[in-house]
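Heads up, the sequence shown is in my numbering, so the first residue is 1033 and it goes up one at a time.
Have a look at the structure below before the remarks.
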Amino acid sequence: MSAEPAPRREVVTGEPRRVRPLPRYRTQSEIDEQTALGGAYVRSLMRGQLRAGLTAFTVLAVVVGTLPLVFEALHSAALVWAVLGFAAYPPLTLIAWWYVRRAERNERDFARLVEGRPTP
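So, in structure tokens, the structure goes:
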């Protein structure tokens, strides 16, 4: 009988399994504790979102408000239906696209401010 060597033990090393809590940034704690500074941060986000919404609404109102003038100038029922059916949608789509991009940029800037990351 031959003597078999004892199985070799291997030690696995790696990162500790415990998850360390992320450091809390001052801005996050200001918002969480609802201090005056945190309120100012949130108000600035809300003001930016309101500004984007009012701008989109104003442009939409101008586009929709000028449609009766366009219809009066056309003098043709077929052209009126063409404007309503086709020509009105691209400006509406562009307004919606701009608004979504602006709102996302406001939120991204706010998150960057809260996390303490520098602006690019």
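Think of the CB as a built atom: it goes at the ideal place given N, C-alpha and C, for glycine as much as any other residue.
What you are looking at is a predicted structure, and each value in this text was computed from that prediction instead of being measured.
Check	Outcome
Assuming Q1060 and V1132 form a contact by the criterion Cβ under 8 Å, report the distance between their Cβ atoms to the nearest whole angstrom.	Q1060 to V1132, Cβ: 26 Å. No contact.
Please return the same chain residues whose Cβ sits closer than 8 Å to the Cβ of E1062, not counting the five positions on each side in sequence.	L1069, G1070 and Y1073
Quick one: residues in its chain with C-beta nearer than 8 Å to the C-beta of V1115, no 5 flanking neighbours on either side, listed in chain order?	L1099, V1102, F1103 and L1106
Quick one: Cα of P1122 to Cα of A1128, how far?	10 Å
Tell me the DSSP secondary structure of V1112 in three-state form.	helix
Tell me the residue span of the alpha helix (DSSP H) that contains Q1060.	R1058 to D1064
Out of R1140, T1090, P1152 and V1112, which one is the CA nearest neighbour of L1124?	T1090
Going by other Cβ atoms of all chains shown within 10 Å of its Cβ, with 16 needed for buried, is A1110 buried or exposed?	exposed
What's the C-alpha gap between A1093 and L1086?	10 Å
Could you round the C-beta distance between A1084 and R1134 to whole angstroms and report it? I think they count as a contact, below 8 Å.	4 Å
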